[in-house]
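Read in the numbering used here, the sequence shown has 626 at position 250, and its numbers run on one by one without any break. Heads up, the beta-carbon is just placed ideally off N, CA and C, and yes, glycines get one too. Nothing here was measured: the structure is a model prediction, and the numbers come from that model. Following: one structure in structure tokens, then a few remarks.
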Amino acid sequence: MTEKIQKPWLFIITIGLGTLLNPLNSSMISVALTRMQHEFTLTFADASWLISIFYLASAAGQPVMGKLSDMFGPKKLFIAGLILVAAASVLAPFSPNFLSLLACRALQAIGSSTLFPSGMSMVRTHITKGQGKALAVLSVFASTSAAFGPSIGGFLIASWDWHSIFLINFPFIILSFVLALFVLPNTGQGKFEIKRIDFIGIGLFITAIVGIILFLLSLDQNVRWWALFMFIAAGTVFYLYEIKQAEPFIDMKGLTKNHTVSLIYVQFMSINLIYYCYFFGFPTFLQQVRNYSEQHTGLIMLALAGFGVIVSPLAGRIIDKYGSKLPMVIGAALLLVGTGLLLTYHETSPLLWLLVIMAVLGMSNGFNNISMQTALYEHVKPEETGSASGLFQTSRYLGSILSSSLLGLTFNRHLDDQHLHLVAIICFVFCVIVLALALKLPGKMKMKSY
């Protein structure tokens, strides 16, 4: 029997304070990379692993934690996730070396990835009236923390140092933890079945992704051909293994039988590759080439992230009236235009021109995020929504991982306007692909009833 929530607003705030930790920590690092490079004497390629390891651990951890939430109960997993994030946030500032810091980032990602599936499980179970509004509020928590992460990180680092981007988690962790103890309902746990977790699939997935990252990062020096072989071999075995599993880590059968949805995943991965090249590339460029402080860099980044938040309601209204295709095409076109405009930015260009370019790119993200998610739900059956959402998140993580590898390759030896333009040229090619896929998508379909 579903336990009735006495104060739904407090219930949503409790979950929101936890679920914002993943986007907040994935975005604050963008302003801290330069300081960490100096602290640990790293190349940019080395520092880019701080981004990759977070998204790789999130991609591997979130599906597992969703199943563990069903087995042990979402409240227990939610609290466990908060404890893991707290442990990582305590240990990271005292990391004696870069490998220790990477381990803390991975632990932080796993902990914060636990919070989303367990939180969503409780919302679906206990919020029966106004569930859409509850999910929208949680989306605001996530999108706002991601958007303003660089600004928050910039002020913290300017006031203290990179250590502060880990310690800032504690007000959110403590408040969410205390509220979770008293507000979140004790949902009955299911049966513990370790065989439900596809450890072999996860291992092969991580091996393949690490292989492609190592290969891409080596393209400007001694090419690691063995890493490319590692990626191909692990990827092939992963596919052959997953199609035979009853509960696979990634539903490869589902990917192959619905080509429209598969193209949506490819498009969303490409969008995130492009966007996160700018999201993580601009702060490093502004600090190392334009010599802006972390605080000023964080403020400048508001043009990129803030405009995405501003245009999201407009994108939502267009979707309600015309379906997902029109705002998707608008978002793809804005991404293409913004990337093209970036090629006109040079050393003598005023900051205002860069802010205009970032605003266009930010607006594209506002259109793309909501339209892509809506398009996904328009083209999957209701009973496939859960697995489709999981693959949607995986495609986001893969795009983010590839963006950090691209930046690691292009920004590694030297950073100037030409290297920023090189990133823009590569992204322009992907922008053309994104726009083509948006135009190819079928028009408005009849929305399925839930």
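Give the C-beta separation of residue i and residue j to the nearest angstrom, bearing in mind that I take them to be a contact with Cβ-Cβ under 8 Å.
i, j, result
"Ala610", "Leu590", "The pair is not a contact, with the Cβ atoms about 12 Å apart (cut-off 8 Å)."
"Ile588", "Phe607", "4 Å"
"Thr419", "Asn741", "So it is not a contact: roughly 28 Å between Cβ atoms."
"Phe835", "Leu791", "The chain is shown only over 377 to 826; residue 835 falls outside these bounds and no answer can be derived."
"Leu731", "Ile676", "7 Å"
"Gly577", "Pro624", "6 Å"
"Ala468", "Leu475", "So it is not a contact: roughly 12 Å between Cβ atoms."
"Pro719", "His797", "The amino acid at residue 719 is misidentified as Pro; the sequence shows Leu. Confirmed, about 6 Å."
"Trp601", "Met412", "So it is not a contact: roughly 30 Å between Cβ atoms."
Going by the CB atoms, is the gap between residue j and residue i shorter than 9 Å?
i, j, result
"Leu432", "Thr490", "no"
"Leu592", "Gly716", "no"
"Leu811", "Ala735", "no"
"Asp446", "Ser497", "yes"
"Ser765", "Ile427", "no"
"Gly738", "Gly682", "yes"
"Ile746", "Gly692", "yes"
"Ile809", "Thr786", "no"
"Leu551", "Leu400", "no"
"Ser434", "Ser402", "yes"
"Val466", "Phe542", "yes"
"Arg481", "Ile429", "yes"
"Pro659", "Thr410", "yes"
"Leu649", "Leu778", "yes"
"Gly437", "Ser494", "no"
"Val499", "Gly674", "no"
"Thr520", "Leu396", "yes"
"Phe743", "Gly707", "yes"
"Met404", "Pro526", "yes"
"Ile695", "Thr750", "yes"
"Ile582", "Val440", "no"
"Leu678", "Phe548", "no"
"Val799", "Gly657", "yes"
"Thr636", "Leu458", "no"
"Thr390", "Ala556", "yes"
"Ala485", "Asn398", "yes"
"Gly530", "His672", "yes"
"Phe416", "Asn473", "yes"
Would you say the beta carbon of residue i is closer than 8 Å to some non-hydrogen atom of the ligand GTP?
i, result
"Pro547", "Within the structure as shown, the ligand GTP is missing, as the structure has no ligands at all."
Inset, instruction - Report the residue ranges of all alpha helix (DSSP H) runs contained in full by the stretch 556 to 625; include only those spanning at least 4 residues, in chain order. - result: The qualifying runs are 575 to 593, 601 to 618.
Inset, instruction - Tell me, please, whether the stretch 636 to 644 touches the stretch 762 to 781 by the rule of three or more beta-carbon pairs shorter than 8 Å. - result: Judged by Cβ distances under 8 Å, the stretch 636 to 644 makes contact with the stretch 762 to 781, as three or more pairs qualify.
Legend entry - Segment contact, 8 Å Cβ cut-off, at least three pairs: the stretch 511 to 526 with the stretch 453 to 464: A contact is defined here as three or more CB-CB pairs under 8 Å, and the stretch 511 to 526 fails this definition with respect to the stretch 453 to 464.
Legend entry - Completely contained alpha helix (DSSP H) runs for the stretch 634 to 704, where each covers 4 or more residues: Here the runs fully enclosed are 635 to 664, 670 to 676, 678 to 698.
Legend entry - Given 8 Å, three or more beta-carbon pairs between the stretch 745 to 755 and the stretch 385 to 405: In short, these stretches do not touch, since the Cβ pair count stays below three.
Inset, instruction - Report yes or no: do three or more beta-carbon pairs, one from the stretch 668 to 675 and one from the stretch 693 to 711, lie closer than 8 Å? - result: With the cut-off at 8 Å, the stretch 668 to 675 and the stretch 693 to 711 do not touch.
Legend entry - Uninterrupted beta strand (DSSP E) stretches inside the stretch 468 to 538 (no shorter than 3 residues): Within the stretch 468 to 538, no run of beta strand (DSSP E) reaches 3 residues while sitting entirely inside it.
Inset, instruction - Count the CB pairs spanning the stretch 529 to 546 and the stretch 699 to 706 that are closer than 8 Å, and state whether there are at least three. - result: No contact exists between the stretch 529 to 546 and the stretch 699 to 706.
Legend entry - Cβ pair count under 8 Å reaching 3, the stretch 614 to 625 against the stretch 780 to 797: Contact check between the stretch 614 to 625 and the stretch 780 to 797: fewer than three CB pairs, one atom from each, fall below 8 Å, which does not count as touching.
Legend entry - Segments assigned alpha helix (DSSP H), at least 4 residues, entirely inside the stretch 400 to 459: Runs of the alpha helix (DSSP H) inside the stretch 400 to 459: 420 to 423, 425 to 448.
Inset, instruction - Write down every uninterrupted run of the alpha helix (DSSP H) in the stretch 700 to 785 whose length is 4 residues or greater and which is fully enclosed by it, in chain order. - result: Those alpha helix (DSSP H) runs which fall completely within the stretch 700 to 785 and span 4+ residues are 701 to 718, 727 to 754.
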